[in-house]
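K.L.:
Residue numbers (this note's numbering): 102 to 383.
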Amino acid sequence: MIFKNYIDAGIFMKNVNSCVENPNDNFVEKLKEIFSRRSEKNSKYSLRAFARDLQIEPSLLSKIMRGLYPLTEAMLQRIARRLGLSEEEIANLVQEFRLQNKALEEGKAEKANTFFPIAIDHLKYISESYHIDLLALIETVDFKNDIGWIANRLDLSEEKVKDAFDRLVRLGYIVLNEQKVTLGKPQYSTLGFPSTSDSLKQMQATSLEQAIKALFKVPLNERSQSTLTFAVDMKLIPKIIDEINSFRRKINKLASVEGKRPTEVYHLSLSLYPVTTRNNRR
């Protein structure tokens with residue numbers, strides 16, 4: 102799933118790579134080694150026969166051996182026992198599987214925190230937040246390179262979508278390769294821009310307008326909007342902001358690491374501000 106996150110007046114968009122990563126490379130090599138040994142002993146021993154011995158479908162075994170199907174730990178153990186491996190060998194394979202899986206998840210989390218800055222001179226051209234929404238929409242699994250379809254999904258006019266699309270192509274944020282549409286970079290960020298930037302404020306404002314629109318149009322089970330009003334010692338504000346940032350990072354990690362097949366574009370908007378006027382601001 103793709104999220105846009107707002108922090109210190111900054112906006113960034115994240116995406117998740119859709120390729121299948123395999124945490125059981127060592128086990129796949131073991132499978133290939135055993136199949137090769139059996140084939141050498143019996144020239145008629147086929148992949149179909151190997152699948153029969155392992156009690157799985159030949160097509161599934163083919164995908165596993167080509168690294169195209171990520172096994173679960175339980176499935177790995179089941180196949181390993183059908184191979185006749187010792188409990189010690191199985192335990193070693195499981196340990197390797199867990200270590201590789203942990204490394205993959207940590208790698209995804211690290212990748213999820215790498216961003217490419219939007220050029221500051223470009224921001225004035227894409228200050229309406231639907232430009233970022235369009236970039237995020239490209240990463241959904243059912244994206245169609247069709248102006249009418251995009252307009253319907255983002256609830257915008259076709260003219261506005263066409264102008265935004267052309268602008269993003271011209272600025273290099275969208276790349277067209279024949280009929281295929283991809284992002285120029287995997288993740289974009291406006292963090293680090295001056296919080297006084299008028300373009301950045303405009304981007305924030307349009308997003309808040311969308312939040313109001315969602316309040317009246319989107320079913321409650323598809324959104325979460327709430328407000329907390331409280332009295333506070335100003336000395337605690339930095340600590341509260343740190344807690345908000347920690348929560349934002351947690352949501353970011355959840356969406357980036359566990360979101361395998363994004364279907365929708367969401368905003369996560371976090372605002373903390375005073376409603377009282379301090380004496381020194383009067």
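The beta carbon of each residue, even a glycine, is placed where N, CA and C say it ideally should be.
Check residue 227 in the structure and name its three-state DSSP category.
P.N.:
Three-state DSSP puts residue 227 in coil, outside helix and strand.
K.L.:
Applying the 10 Å Cβ sphere with the 16-neighbour rule, what's the burial state of residue 361?
P.N.:
Classification of residue 361: exposed, given that the 10 Å Cβ count is below 16.
K.L.:
On a CA-only basis, which of 282, 355, 369 is nearest residue 323? Give me that one, please.
P.N.:
The candidate whose alpha carbon is nearest that of residue 323 is 369.
K.L.:
To the nearest angstrom, report how far apart residue 337 and residue 300 are at their CA atoms.
P.N.:
Each residue's Cα considered, the two are about 30 angstroms apart.
K.L.:
When we look at the beta-carbon of residue 375 and count the other beta-carbons within 10 Å, is it buried (16 or more) or exposed?
P.N.:
When all chains shown are included, residue 375 counts as exposed.
K.L.:
From residue 352 to residue 152, what does the alpha carbon distance come to, in whole angstroms?
P.N.:
Whole-angstrom Cα-Cα distance: 41 angstroms.
K.L.:
DSSP state of residue 374, grouped into three classes?
P.N.:
Here residue 374 sits in coil by DSSP.
K.L.:
When we look at the beta-carbon of residue 308 and count the other beta-carbons within 10 Å, is it buried (16 or more) or exposed?
P.N.:
Burial call: buried.
K.L.:
Mind checking which residues open and close the beta strand (DSSP E) that includes residue 180?
P.N.:
Residue 180 -> not in any beta strand (DSSP E); alpha helix (DSSP H) instead, spanning 174-183.
K.L.:
If you reduce the DSSP assignment to three classes, tell me which class residue 283 lands in.
P.N.:
Reduced to three states, the DSSP call for residue 283 is strand.
K.L.:
If you draw a straight line from the C-alpha of residue 378 to the C-alpha of residue 317, how long is it?
P.N.:
If you take the alpha carbons of residue 378 and residue 317, they lie about 30 angstroms apart.
K.L.:
Measure the alpha-carbon distance for residue 330 versus residue 246 and round it to whole angstroms.
P.N.:
Looking at the two C-alpha atoms, the distance is approximately 44 angstroms.
K.L.:
Shortest alpha-carbon distance to residue 129 belongs to which of 235, 197, 146, 158?
P.N.:
Looking at the Cα atoms, 197 is the closest of the given residues.
K.L.:
Below 8 angstroms on the Cβ atoms is my guess for residue 191 versus residue 182; work out the distance and round it to an integer in Å.
P.N.:
Sure, about 7 angstroms apart at Cβ, within 8 angstroms.
K.L.:
Could you say which of 364, 344, 149, 284 lies nearest to residue 232 if we only look at CA atoms?
P.N.:
Considering only alpha carbons, the answer is 284.
K.L.:
Output yes or no for whether 8 angstroms exceeds the beta carbon distance between residue 159 and residue 149.
P.N.:
Result yes, Cβ atoms of residue 159 and residue 149 sit closer than 8 angstroms.
K.L.:
Name the DSSP beta bridge partners of residue 232, please?
P.N.:
DSSP output for residue 232 lists no bridge partner at all.
K.L.:
Got a sec? Which residues, its chain only, sit under 6 angstroms from residue 131 by beta carbon, not counting five neighbours each side?
P.N.:
Excluding positions up to five away in sequence, the list is empty.
K.L.:
Specify, as a first and last residue, the run of the beta strand (DSSP E) that residue 253 falls within.
P.N.:
Premise fails: residue 253 lies in the alpha helix (DSSP H), 248-255, not in any beta strand (DSSP E).
K.L.:
Nearest CA to the CA of residue 332: which residue from 255, 373, 252, 201?
P.N.:
Selected option, being the one with the closest Cα: 373.
K.L.:
Cα separation between residue 364 and residue 241?
P.N.:
Their Cα atoms are separated by approximately 5 angstroms.
K.L.:
So what does residue 276 bridge to, in DSSP terms?
P.N.:
In DSSP, residue 276 forms a bridge with 283.
K.L.:
Taking all protein chains shown into account, do 16 or more other C-beta atoms lie within 10 angstroms of the C-beta of residue 334, making it buried, or fewer, making it exposed?
P.N.:
So residue 334 ends up on the exposed side.
K.L.:
DSSP three-state call for residue 355: helix, strand or coil?
P.N.:
Residue 355: helix per DSSP, three-state reduction.
K.L.:
Taking 8 angstroms as the cut-off, decide whether the C-beta atoms of residue 235 and residue 266 are in contact.
P.N.:
Contact: yes.
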